[in-house]
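A short write-up of the structure that comes next.
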Amino acid sequence: MSEKLLFTSDSKRYPGLPLALDGMGLFHLQEPVVRANGVPFYQWVQSVKGKGRLILDQQSFLIPEGCGVYLPMDIPHEYYAVTDLWVTNFLCFSGSCAAGLLSSLGFGNPGVYSLQEPEKTLASEQEIYDIYQSGLPDKALETSKILYQLILDLSVNITKSSTSAGSISNQKILNAARFMELHFKEQISLYDIAESVQLSREYLCTLFKKSTGTSVSDYLLNIRMVHAKTYLIQYPDKKIKEVAAMSGFSDSSYFCSVFKKTEQMTPNEFRELRH
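The UniProt record's numbering applies: residue 1 is where the sequence shown begins, and numbers increase by one.
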């Protein structure tokens with residue numbers, strides 16, 4: 001499936017709409033997101049392929065396939081891939097009745113939710129996209145109707161995931177993960193990461209593996225690979241060695257070798273496949 005993105009100004013053009021679409025993405029190759037002040041609309045981000053991680057109120061939650069993230073307005077949050085490829089569908093919406101509807105249906109707190117029928121939500125999102133592409137004069141109103149039905153369906157189709165499931169409970173490990181996300185472009189070492197959280201390298205490695213199920217080096221490599229794939233698509237004119245450097249790889253040959261091993265194709269082949 002090819003990626004599809006759509007952004008609208010419906011909430012400003014039609015302020016009386018009960019629900020208004022602000023933006024959406026289908027089969028989106030998810031880039032890392034850091035929003036210190038949140039955003040001025042509601043969000044539903046559904047994991048279609050691969051896994052992600054949500055950082056919310058100094059807690060970390062896994063977002064596996066078949067799960068989604070509900071985020072109210074103005075809530076600080078971060079999310080990023082923890083697998084080589086993370087594909088999401090996302091909806092951004094607002095409207096005069098959004099707050100009351102969501103509250104009455106039990107969407108009080110942000111977090112990760114598991115879906116009984118994830119394909120049902122995906123089908124509704126595709127319907128919304130198709131209506132917008134059709135050019136119908138009343139597409140904003142039609143979209144509002146489908147959004148209403150989608151939210152109703154979600155309310156009976158979701159279960160709040162356990163706060164402990166897939167979470168990183170140790171604050172130092174969470175801080176180490178954040179340090180790697182912030183400094184992945186730099187030539188940071190295990191010593192630098194351990195120093196940032198005031199742990200010995202040996203203890204950090206043991207604790208990190210126990211908390212996340214992966215090693216520190218593999219975690220950092222995965223962050224760099226996720227960004228590299230995003231840059232390959234986002235900057236089609238940049239040379240491979242430039243993408244490698246932007247992603248934290250000092251040696252482009254090593255980058256190409258790692259890429260081929262993990263993706264079963266070269267960086268150029270990956271780029272050509274998605275353009």
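Ideal Cβ positions, reconstructed from N, Cα and C, are used throughout, including at glycine.
Where Asp10 is concerned, the enclosing alpha helix (DSSP H) starts and stops at 10 to 13. Beyond the five residues adjoining it in sequence on each side, Tyr70 comes within less than 7 Å, by CB distance, of Trp44, Phe107, Pro110, Gly111, Tyr113 in the same chain, given in chain order. Taking the Cα of Glu181 as reference, the smallest distance to any Cα among Tyr79, Tyr14, Gly16 is reached at Tyr79.
Linking Leu29 to Arg35 through their CA atoms gives a straight-line distance of about 18 Å.
By the Cβ test, the stretch 186 to 198 is not in contact with the stretch 52 to 62, since fewer than three Cβ pairs between them sit closer than 8 Å. When rounded, the separation of the alpha-carbon atoms in Phe27 and Phe179 is 28 Å. Selection Ile223, Phe270, Ser60 evaluated against Pro236 yields Phe270 as nearest (Cα-Cα).
For His28, the pairing in a beta bridge is given by DSSP as Thr88. In this structure, DSSP gives Glu263 a helical state, which the three-state scheme calls helix. According to the DSSP assignment, Ser217 belongs to the alpha helix (DSSP H) that extends over 216 to 234.
In the three-state reduction of the DSSP assignment, Asp22 falls in the strand class, which pools E and B. Residue nearest to Thr212 within the set Leu17, Leu62, Thr8, Glu125 is Leu62 (criterion: CA-CA distance).
Distance check between Ser155 and each of Leu115, Leu122, Val82, Tyr132 places Leu115 closest, using alpha-carbon atoms only. Taking C-beta separations shorter than 6 Å and ignoring five residues to either side along the sequence, the partners of Ile158 in its chain run Tyr113, Leu115, following chain order. When DSSP states are grouped into helix, strand and coil, Thr83 belongs to the coil group.
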